[in-house]
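There are 2 protein chains.
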Amino acid sequence: MIGGRLTSDPNRSSLGLLPSGPDPVGEWLVHRQPPGPYIGRTQLESKRAGRRYASFPRGLVPFSSRMADSTWSLHPQLERDSVAVGELSLSHVRAMNDASYPWLILVPRHAGAVEIIDLDGEQQADLMDEIALLSRVLKDVTACDKLNVAAIGNVVPQLHVHIVARRRSDAAWPRPVWGAAPAQAYEPAALDQFIARIRGEVAFG
Amino acid sequence: MIGGRLTSDPNRSSLGLLPSGPDPVGEWLVHRQPPGPYIGRTQLESKRAGRRYASFPRGLVPFSSRMADSTWSLHPQLERDSVAVGELSLSHVRAMNDASYPWLILVPRHAGAVEIIDLDGEQQADLMDEIALLSRVLKDVTACDKLNVAAIGNVVPQLHVHIVARRRSDAAWPRPVWGAAPAQAYEPAALDQFIARIRGEVAFG
Numbered sequence: 001m002i003g004g005r006l007t008s009d010p011n012r013s014s015l016g017l018l019p020s021g022p023d024p025v026g027e028w029l030v031h032r033q034p035p036g037p038y039i040g041r042t043q044l045e046s047k048r049a050g051r052r053y054a055s056f057p058r059g060l061v062p063f064s065s066r067m068a069d070s071t072w073s074l075h076p077q078l079e080r081d082s083v084a085v086g087e088l089s090l091s092h093v094r095a096m097n098d099a100s101y102p103w104l105i106l107v108p109r110h111a112g113a114v115e116i117i118d119l120d121g122e123q124q125a126d127l128m129d130e131i132a133l134l135s136r137v138l139k140d141v142t143a144c145d146k147l148n149v150a151a152i153g154n155v156v157p158q159l160h161v162h163i164v165a166r167r168r169s170d171a172a173w174p175r176p177v178w179g180a181a182p183a184q185a186y187e188p189a190a191l192d193q194f195i196a197r198i199r200g201e202v203a204f205g
Numbered sequence: 001m002i003g004g005r006l007t008s009d010p011n012r013s014s015l016g017l018l019p020s021g022p023d024p025v026g027e028w029l030v031h032r033q034p035p036g037p038y039i040g041r042t043q044l045e046s047k048r049a050g051r052r053y054a055s056f057p058r059g060l061v062p063f064s065s066r067m068a069d070s071t072w073s074l075h076p077q078l079e080r081d082s083v084a085v086g087e088l089s090l091s092h093v094r095a096m097n098d099a100s101y102p103w104l105i106l107v108p109r110h111a112g113a114v115e116i117i118d119l120d121g122e123q124q125a126d127l128m129d130e131i132a133l134l135s136r137v138l139k140d141v142t143a144c145d146k147l148n149v150a151a152i153g154n155v156v157p158q159l160h161v162h163i164v165a166r167r168r169s170d171a172a173w174p175r176p177v178w179g180a181a182p183a184q185a186y187e188p189a190a191l192d193q194f195i196a197r198i199r200g201e202v203a204f205g
């Protein structure tokens, strides 16, 4: 899908950039190469990952081409409450700045989407793949007791999916985390470390 | 997928039942025919619905063949708290007996599943399709302000996905419904009416 989009991207053609070429405008983001352990774990993912990497043997993917919807922008409250982690095929990925729970957020880059059903069928399938990908990574990185996955959006209407690693010993257990207690901001180094561990497992764009 | 499963189902062959035949053992459940408005709305669904109905032109699908996992059984707490609505390809569908919110629950019939990532890729895709299907139906039936979709499972570990119709005027808004207040049981007639409206929109197995 991404591969298809790239080959028809007029910006790429007009810049004359090649996958194996240099990075004159600094717009290429480096993928880990070879693809990380979470690319290709399921049949669906390996098909997609294959397409994704096929056009870019050195694992270089232009960030701009991954923006499915150029009119999309992040809701200010999500920007305040969380920190950017990376880009997946459909979604912008963020880490919630709440040291109480390891907590990722997927935000599909589709302007105006409020509900999952505001995405088309292919985007819904991508969303499920990205939920599964980050769920596996978060579970492995945290060795949590339970994952909580939710699209709520009663306060911030922009479609976003929470993936929260829960422990039986955490502050809100067994209640959901939403509205349980004010966020406890991370020490900056601890948040950086959490994000680095996630980035170490996922080939973000 | 269902079509494929049916043609290779030894029970069906050994019973000698044909799609257009009678219902000698009472195990056929009648689908609304033609398929309801929510079958075939998206490309993915219409492909699946096509396959699903192709083998059964009169819309008869044996319930037993839809049980993906014969060792699966419903968790007792889900059984206590909610009422059966119908069967989809992957999931058993229930209505939460809480008059405060129109609230459906999808329970994938896959024994031992706790997390979404305990399902394989195809089951995850089916789950997303079923989430989308019930989301559209619940939104249309209730004209709600927001849908809340969540797989939490901190109390009941059996994998289940909540789809809750929220109104800005409801008891918990804007907080999530889980743990907000004890369930308010429906008047029996009101619960029957809610379930009938859902069944009127979905071709359950």
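If you read the sequences in order, they're chains P and B.
If you read the first sequence in the numbering used here, its first letter stands for residue 1, the second for the next number, and so on.
If you read the second sequence in the numbering used here, its first letter stands for residue 1, the second for the next number, and so on.
Ideal placement from N, C-alpha and C gives every residue a C-beta, glycine not left out.
None of the values given here were measured: they were computed from a predicted structure.
Item                                                                                                  : Value
Chain-ordered residues of the region 175–190 of chain P with a beta carbon less than 7 Å from chain B : R175, P176, W178 and G179
I163 of chain P, DSSP secondary structure in three states                                             : strand
For V202 of chain B, three-class secondary structure by DSSP                                          : coil
Any C-beta of chain P under 8 Å from that of Q77 of chain B                                           : no
Exposure of E122 of chain P, with buried meaning 16 or more beta-carbon neighbours within 10 Å        : exposed
Proximity below 8 Å, CB of A84 of chain B to CB of A190 of chain B                                    : no
Proximal chain B residues relative to G153 of chain P, where beta-carbon distance stays under 7 Å     : K146
Enclosing alpha helix (DSSP H) for V137 of chain B [first to last residue]                            : G121 to T142
Secondary structure of I105 of chain B, DSSP reduced to three states                                  : strand
In DSSP terms, what G86 of chain B is bridged to                                                      : B:V93
Sub-8 Å separation of A111 of chain B and W72 of chain B beta-carbons                                 : yes
Range covered by the beta strand (DSSP E) that runs through L147 of chain P                           : K146 to A151
CB contact check: R136 of chain B to chain P, cutoff 8 Å                                              : yes
Cα-Cα separation between G200 of chain P and Y101 of chain P, rounded to whole angstroms              : 19 Å
Neighbouring residues, chain B, relative to W173 of chain P (Cβ below 8 Å)                            : N154
Unbroken alpha helix (DSSP H) run spanning R175 of chain B, endpoints                                 : Careful: R175 of chain B lies outside any alpha helix (DSSP H) and carries neither H nor E.
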